[in-house]
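Novice: First, the structure itself, so that you have it in front of you.
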Amino acid sequence: MLRVNLGQTLIALPDKAKIEEGVQELKKSLDQDGDNAVAWRLLAEAYATQGKDGLARYATAEYNDRIGDKRQALVFAMRARDMLDKHSPEWRRATDIARTSDPDKDTYRGLVKDDRM
1 MLRVNLGQTL
11 IALPDKAKIE
21 EGVQELKKSL
31 DQDGDNAVAW
41 RLLAEAYATQ
51 GKDGLARYAT
61 AEYNDRIGDK
71 RQALVFAMRA
81 RDMLDKHSPE
91 WRRATDIART
101 SDPDKDTYRG
111 LVKDDRM
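Per UniProt numbering, the very first residue in the sequence shown carries number 1; after that it's consecutive.
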């Protein structure tokens, strides 16, 4: 929790280096507790501030997955997949989130098709 608080403080500062330091603290906290929804939300905010839109959408998908909002998790996971490098760890995790978020049949087929490419 201390890392999350430190990360939150750092990402609120108007200094790019401090924001990056905050991102690193939040990532370390998630290495210890990947289910911390607050840390995912803060990480999404930090990525958005940095202009890393794909990663911001990915972190938002993780946040929504953690709080149980499967519909929003699916929406943000699909947006993240469109913006991230295909087959990056975040792209793969976004795919996992989309698959477990009750996608409709057409969306699911698209997910399976993308995995084969």
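Note that beta-carbon positions come from the ideal geometry of N, C-alpha and C, so glycine has one too. All values reported here derive from a predicted model rather than from experimental measurement.
If you draw a straight line from the C-alpha of Arg71 to the C-alpha of Leu2, how long is it?
Specialist: When rounded, the distance between both Cα atoms is 31 Å.
Novice: In chain order, which alpha helix (DSSP H) runs of at least 4 residues are fully inside the region 56-107?
Specialist: 70-83 and 89-99, all fully within the region 56-107.
Novice: What would DSSP say about Gly51, mapped onto helix, strand or coil?
Specialist: Coil, per DSSP.
Novice: Near Ile67, what residues of its chain come up, given a Cβ to Cβ distance below 6 Å and the 5 sequence neighbours on each side ignored?
Specialist: Here the set comprises Ala37.
Novice: Using the rule of at least 16 other Cβ atoms within 10 Å of the residue's Cβ for burial, across every protein chain shown, is Asp65 buried or exposed?
Specialist: Asp65 comes out buried.
Novice: Do the region 86-96 and the region 51-65 touch if we need at least three Cβ pairs shorter than 8 Å?
Specialist: Touching, per the Cβ criterion.
Novice: Relative to the alpha-carbon of Lys113, which residue among Thr95, Ile19 and Ser101 has its alpha-carbon at the smallest distance?
Specialist: It is Thr95.
Novice: Could you pull out every residue in the same chain whose Cβ sits closer than 6 Å to the Cβ of Lys28, ignoring the five residues on either side in sequence?
Specialist: Taken in chain order, the residues that qualify are Arg3.
Novice: Just the Cα atoms here: how many angstroms apart are Ala46 and Asn5?
Specialist: Their backbone Cα atoms lie some 13 Å apart in a straight line.
Novice: How would you call Tyr98, buried or exposed, if buried means at least 16 neighbouring beta carbons within 10 angstroms?
Specialist: For the record, residue 98 in the displayed sequence is Ala; it is not Tyr. Ala98 is buried by the Cβ-count criterion.
Novice: Around the C-beta of Arg109, are 16 or more other C-beta atoms found within 10 angstroms, so that it is buried, or is it exposed?
Specialist: Looking at its Cβ environment, which holds fewer than 16 other Cβ atoms inside 10 Å, Arg109 is exposed.
Novice: Can you name the start and end residues of the alpha helix (DSSP H) that Asn5 belongs to?
Specialist: From DSSP, the alpha helix (DSSP H) with Asn5 extends over Leu2 to Ile11.
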